[in-house]
Amino acid sequence: MAVLDKERGVIVLRVAYDGPPFSGKTTTVRALAEGLGVEVVTPGEANGRTLFFDYADYIGGIFEGRRIRCQIVSVPGQTVLRERRLALLDSADVIVFVADMRESAAEKSFALLEEVREDFLGRSPPVGIILQANKRDAATSLPLASIRARLSDGPVAITQTVATTGEGVRETFVFAIRVALDRVRAIGGTRGLTEQAPAIDDASDLLESIAGLGPGEADHSPGQPVADARSPEPSDEPTPPALGPSEGPALDAEPPKVLPFRPDPAMPGGLLWPPVEGRALLHEVHQLGLVATPTERGSWSASGEGWRFHSRHDALFDTLDAGRRALIEWARSHSALLDELSPDRVLLLSESEGGHRLWQLVRQRLSVAEELSALSGAPDVTPLALSDRLCDVAERLDRCLRRWPDAGLPCTRWTVSLDLHGRTLFAGLMPPPGQTTRRTPEVRSALIRELQALVLMLGDARVDLEVVAALIRQRASSLSTDAPIRLLEEALGEVVAA
Amino acid sequence: MPSEQELTEVLARIENDASGFIAASLVDLESGMTLAVKTSKQGFDLTAASAYNSELVKQKLKIMRTLELDGTIEDMLITLTDQIHLIKLVNPGTFLYMAVDKAQSNLAIVRMAVAKHVKDLD
Ligand SMILES: Nc1nc2c(ncn2[C@@H]2O[C@H](COP(=O)(O)OP(=O)(O)OP(=O)(O)O)[C@@H](O)[C@H]2O)c(=O)[nH]1
Ligand SMILES: [Mg+2]
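So the sequences go chain by chain: A and B.
Position 46 of the first sequence, counted from 1, bears residue number 53 in the working numbering, the numbering being contiguous throughout.
Position 21 of the second sequence, counted from 1, bears residue number 34 in the working numbering, the numbering being contiguous throughout.
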C-alpha cells in the first residue's frame, strides 16, 4: 500500500510483477532494471526459477510535488510457492500480470489472471491490473485480437512485450505507475496517504517478511526452498539465503565498520581535481558538514545543502597508484567534456575502508524535470509560459539525446539543466570514463519516453492542460512530423485525452 | 605506466643533475593533474603551477592547429628575471614542468639534465 515517507520526501509505491510459472517475470524485471540503471536483488533461485522474489528500487517522476519511489517486485510463479506469491502481491499498488501468450501456455495465464482479477479488482479502491502479453516473438503467440476477445468481461489494459530483448517493458512500467497513481488519487491524493516510512525498505526486509512462508507442502519444512516438478534436482540452497555482499548486507552479519566520508580541504595535492579551484570548492563543502555513508548496494552518497557526493561501489582501490590512475582517467573525461558539464565539480581520492575511494562532488542544479514541475505548480503560471517551457525543453532534450550518449553522458529529464544564459548543461553524476561504449538509445523513442514522463508530471498543473495542449498544437502544425514539438504535442494529447 | 614513486625518483635524479633546482612535476596535459612532484623550495605551489601550465600548453597547441603548423611542441621556455621555467613534452598527453634558479644555473644545464632522464618518465 502506498505511503508518504515525509522524512525522505517521497511517495512509496509497490509495483508487483505477477503471472504463471515461467512466463517471464524475472526476465521482465531484469530488463526493466537495466533500462532504469538500477540493480536487481534476487535472494534465491533454483535452476533459474525464482524462489522468493526479484527486487529493484527506482526513484523517478513526481506526483503532487513529491518524488516517486517505486519498489519493483516480481513473485515466484511456481504453484508450491503460492503463499509467498500472495504475500508479495498483497501490498501491491498495481499488478503487472506477465502472461506467456504462446498458444500452449495462454490458457494457464488466463485462468490465473481470472483469480487475480477477482481478488484485486474487488478491493477498494481496486488495484489496477495490466496484462503484459509476453513472448510476442514466439511464432505461436496469440494475436492481440484473440487476447482482447478472451478479456471482454473486465477492465484490464494490455501491453505487448518481448522481455528477452526488453521491448515494451519500460512502456508497460510507465503505464503501471500511471495506474498506481490513479489509485492514490482515488484515495484523495497525497493527503490520503498514510505518513510513515515504508515498513519494507529494502530486499532484506522483504525477504524477512516472507521467508517464514513455506511452500505449503507437508513434506517441506516451512521456508525450505523448492524446485518444482519440472526441475530435475531439488535445490540445496539455505533458507533464507544471505544476500551476497554485492547485493546488500548479509541478514545476520554485522556490516563492516566503516568511517563516514567528509571532504577535507587540507588533503594532499595531486589527489584532487580540478587542482586549483577544487580546493576552494572543498573549503565550501567542508563547512556544510555534509557526511556520506555507504548505501546498501555498496556505493556511497550524500546530498543536501546544494551538493551531492557520490562514490560508486566499485570505486575503491587497494593501492594509491591504482586510485590515482583512476582519478586521472576521470579527470581527463571531465576536462574533455568541460563545456557540457554543470560547473562546480570536484573529483578526489580519499582514504577509506583500508584503501582509497574515488569521489565526485557535484553542486546540484535544477533539472528540467524539476524546473517544469515547479513551474507547473506555481500559483502564477500561465498556459503560455508552460507551453513555452515545454517546447524549449523538448528541443533541448532532442539536441542532447543526439550529442550526449556518444560522449558517455546519459541524457534524461533528470540530467539536463540550464544555466543563467540559457546554455544546456549536464547536471547528473558523471558515469565512469570507460562507459562511452554503452548502447546509444534510439533518439526518437528515447525522446518520446522522456516527453511522456514529463507530461505525466503535469497532472497537478495549475493551468488548464487543454489550453496548453492547444498552444503547442498551434506551434507544431507547421513542423515536420519528427520535430520534437510534434512529439510533445502527441504526448500531451494522450494525457489530456486520459 | 610507472608508479608515482618511480616517477618521483626520476624527478630526484633530474634535481641531482640540475644545479639551482627549485621544483619539477610530471603533469597530465588534459586534466592538469600532477602525476609526480618534487620540490626543494618551501611555498612553491607546484600543484597550481602545473595546472596553469597545462592550460598554457593547451593554448599553444590550439594556436598551432589554428595556424596549421605541422610540427609538434618539443619544449617551451619561460625566462623570468630570477628563474627559468622549462616545459618539456614527454609524450602527447604528458609534460614535465621544471623551475630553476637563474643565478645558479643556465639553460644548457637544464636542457641536458632533462634530456638525460626524460625517457624514464614515459
Ligand atoms: N522467447 C521468449 N522467451 C522469453 C521471453 N521472456 C522470457 N522468456 C524465457 O522464458 C523463460 C522463463 O523466464 P523467467 O523470467 O525466468 O520466468 P519467471 O516468470 O520469472 O519464472 P518463475 O520465477 O519460475 O515464476 C526463460 O527461459 C526466459 O528466457 C520472451 O519475451 N520471449
Ligand atoms: Mg522468476
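All C-beta atoms, glycine included, are put in the ideal place defined by N, C-alpha and C.
Closest residue to A/W314 among A/S349, A/S340 and A/E121 (Cα-Cα distance): Taking the first residue of the first sequence as position 1, residue 314 of chain A is located at position 307. Per the C-alpha coordinates, the member of A/S349, A/S340 and A/E121 positioned closest to A/W314 is A/S349.
When B/A31, B/S67 and B/E68 are compared against B/K51, the one with the closest alpha-carbon
Residue 51 of chain B sits at position 38 when you count from the first residue of the second sequence. Minimum Cα distance to B/K51 is reached at B/A31.
Please enumerate, following chain order, all residues with a beta carbon closer than 7 Å to at least one heavy atom belonging to ligand 2.
Those residues, listed in chain order, are A/K32, A/T33, A/R56, A/T57, A/D61, A/S81, A/P83 and A/G84.
Notebook entry, point to check: Looking at the unbroken beta strand (DSSP E) that takes in B/E81, where does it start and where does it end?
Noted result: On the second sequence, residue 81 of chain B is found 68 positions in, with the first residue counted as 1. Unbroken run through B/E81: none, as it is neither H nor E.
*State buried or exposed for A/G16, treating a residue as buried only when at least 16 other CB atoms are found within 10 Å of its CB.*
Locating residue 16 of chain A in the first sequence gives position 9, where the first residue counts as 1. Its Cβ having fewer than 16 others within 10 Å, A/G16 is exposed.
Contacts of B/S16 in chain A (Cβ-Cβ under 7 Å):
Stepping through the second sequence from its first residue, residue 16 of chain B is reached at position 3. Those within 7 Å of B/S16 in chain A are D328.
- request: Output, in sequence order along the chain, the residues in the stretch 33-48 of chain B whose CB is closer than 8 Å to any CB in chain E.
  value: Looking at the structure shown, chain E is missing, and the protein chains on hand are A and B.
Range of the contiguous beta strand (DSSP E) that encloses B/L99: As a first step, residue 99 of chain B must be located in the second sequence, where it is residue number 86. Element bounds for B/L99: Q96 to N104.
Using a Cβ-Cβ cut-off of less than 7 Å, give me the residues of the stretch 177-194 of chain A that come near chain B, in sequence order. none
#### Entry: Where the stretch 51-72 of chain B meets chain A: residues whose CB sits under 8 Å from a CB there
L59, T60, A61, S63, A64 and Y65
_Whole-angstrom C-beta distance between A/A183 and A/V101, which should lie under 8 Å_ = By one-based count along the first sequence, residue 101 of chain A stands at place 94. By one-based count along the first sequence, residue 183 of chain A stands at place 176. Correct: roughly 5 Å between the Cβ atoms.
- Identify the contact partners of A/A343 in chain B, using a Cβ-Cβ distance below 8 Å as the criterion. For this step, residue 343 of chain A is matched to residue 336 along the first sequence. Those are E43, listed as they occur along chain B.
Item to complete: For A/L95, I'd like the list of residues in its chain whose CB is within less than 7 Å of its CB, leaving aside the five on either flank, ordered along the chain.
Response: Taking the first residue of the first sequence as 1, we reach residue 95 of chain A at position 88. Same-chain partners within the cutoff: A23, F60, V80, V82 and I217.
(Q) Let me check one thing: in DSSP terms, what residues is A/T73 bridge-paired to? (A) Numbered from its first residue, the first sequence carries residue 73 of chain A at position 66. In the sequence under discussion, the amino acid at residue 73 of chain A is Arg, which differs from the Thr named in the question. Per DSSP, A/F70.
message: Quick check for students: name the residue ranges of the beta strand (DSSP E) that lie wholly in the stretch 109-174 of chain A, counting only runs of 3 or more.
response: Counting only runs of 3 or more, we get 135-141 and 164-167.
Can you check which of these residues, B/I27, B/I35, B/L59 and B/G106, is closest to B/K71 by C-alpha distance?
The residue you call residue 71 of chain B lines up with position 58 of the second sequence. Comparing Cα positions, the closest option is B/G106.
- Query: Where A/H320 and A/A299 are concerned, what is the direct C-alpha to C-alpha distance, given to the nearest angstrom?
  - Reply: Position 313 of the first sequence, counted from the first residue, corresponds to residue 320 of chain A. Position 292 of the first sequence, counted from the first residue, corresponds to residue 299 of chain A. Spanning the two alpha carbons is a distance of roughly 13 Å.
- prompt: If we cut at 7 Å on Cβ distances, does A/I335 have a partner in chain B?
  reply: Within the first sequence, numbered from 1, the residue matching residue 335 of chain A stands at position 328. So, interface residue.
Give me the residue from A/V176, A/L11 and A/A385 with the minimum Cα distance to A/A140. Position 133 of the first sequence, counted from the start, is the residue given in the question as residue 140 of chain A. Answer by Cα proximity: A/V176.
Distance, Cα to Cα, A/G251 vs A/S211?
Counting from 1 along the first sequence, the entry for residue 251 of chain A is found at position 244. Counting from 1 along the first sequence, the entry for residue 211 of chain A is found at position 204. The predicted position of A/G251 is uncertain, since its pLDDT is 36 and thus under 50; no value can be drawn from it.
- request: Would you mind reading off the limits of the beta strand (DSSP E) that contains A/E378?
  value: Taking the first sequence and counting its residues from 1, one reaches residue 378 of chain A at position 371. No beta strand (DSSP E) contains A/E378, which is instead part of the alpha helix (DSSP H) from V375 to G384.
**Item:** DSSP-derived helix/strand/coil call for A/S318
**Value:** Within the first sequence, residue 318 of chain A is the residue found at index 311, counting from 1. Strand at A/S318.
Decide yes or no for the touch test of the stretch 448-461 of chain A against the stretch 383-393 of chain A: beta carbon pairs closer than 8 Å, at least 3 of them. Counting Cβ pairs under 8 Å, fewer than three are found: no touch.
Cross-strand partners of A/A309 (DSSP beta bridge) | Reading the first sequence from its first residue, position 302 is the one you call residue 309 of chain A. According to DSSP, which records beta bridges pairwise, A/A309 is partnered with A/F316.
- Under 8 Å by Cβ, that's how I've got A/V181 and A/I137 pegged, so tell me the actual separation to the nearest angstrom. Position 174 of the first sequence holds residue 181 of chain A. Position 130 of the first sequence holds residue 137 of chain A. Not a contact, Cβ separation roughly 11 Å.
inquiry  = If we require 4 or more residues per run, which alpha helix (DSSP H) segments fall completely within the stretch 325-407 of chain A?
reply    = 327-343 and 375-384
Pick from A/E178, A/M8 and A/I18 that is closest to A/S98, judged by C-alpha positions | Position 91 of the first sequence, counted from the start, is the residue given in the question as residue 98 of chain A. Nearest option by C-alpha distance: A/M8.
- Query: Secondary structure at A/I194, three-state DSSP: helix, strand or coil?
  - Reply: Position 187 of the first sequence, counted from the first residue, corresponds to residue 194 of chain A. In the structure shown, A/I194 sits in coil (DSSP, three-state: anything other than H, G, I, E or B).
What's the call for A/A152, buried or exposed, on a 16-neighbour Cβ count within 10 Å? Along the first sequence, one-based indexing puts residue 152 of chain A at 145. Its Cβ having fewer than 16 others within 10 Å, A/A152 is exposed.
Original post:
Relative to the C-alpha of A/A460, which residue among A/S484, A/R410 and A/L404 is closest?
Top reply: One-based indexing of the first sequence puts residue 460 of chain A at position 453. For the residues A/S484, A/R410 and A/L404, the minimum Cα distance to A/A460 belongs to A/L404.
Could you tell me whether the Cβ of A/W280 comes closer than 7 Å to any Cβ of chain B? For the purposes of this step, residue 280 of chain A is taken as residue 273 along the first sequence, with counting starting at 1. Output row for A/W280: interface = yes.
**Length of the line joining the Cα atoms of A/R332 and A/R286** = As a first step, residue 332 of chain A is located in the first sequence; it is residue number 325 there, counting from the start. As a first step, residue 286 of chain A is located in the first sequence; it is residue number 279 there, counting from the start. Looking at the two C-alpha atoms, the distance is approximately 20 Å.
task = May I ask you to check if the CB of A/P28 is nearer than 6 Å to at least one heavy atom of ligand 1?
result = The sequence position of residue 28 of chain A within the first sequence is 21, counting from 1. Checking every heavy atom of ligand 1 against the Cβ of A/P28, one is found closer than 6 Å.
- Message: Measuring only from the beta carbon, is A/K142 closer than 6 Å to any heavy atom that is part of ligand 1?
- Response: Taking the first sequence and counting its residues from 1, the one referred to as residue 142 of chain A is at position 135. A/K142 Cβ: within cutoff of ligand 1.
Query raised in the report: Helix, strand or coil for A/V105 per DSSP?
Result: Taking the first sequence and counting its residues from 1, the one referred to as residue 105 of chain A is at position 98. Here A/V105 sits in strand by DSSP.
- B/G56 and B/Q117 look like a contact to me (Cβ under 8 Å); what is the Cβ gap, rounded to whole Å? Counting from one through the second sequence, the residue named residue 56 of chain B turns up at place 43. Counting from one through the second sequence, the residue named residue 117 of chain B turns up at place 104. That belief does not hold up - the Cβ atoms of B/G56 and B/Q117 are roughly 18 Å apart, past 8 Å.
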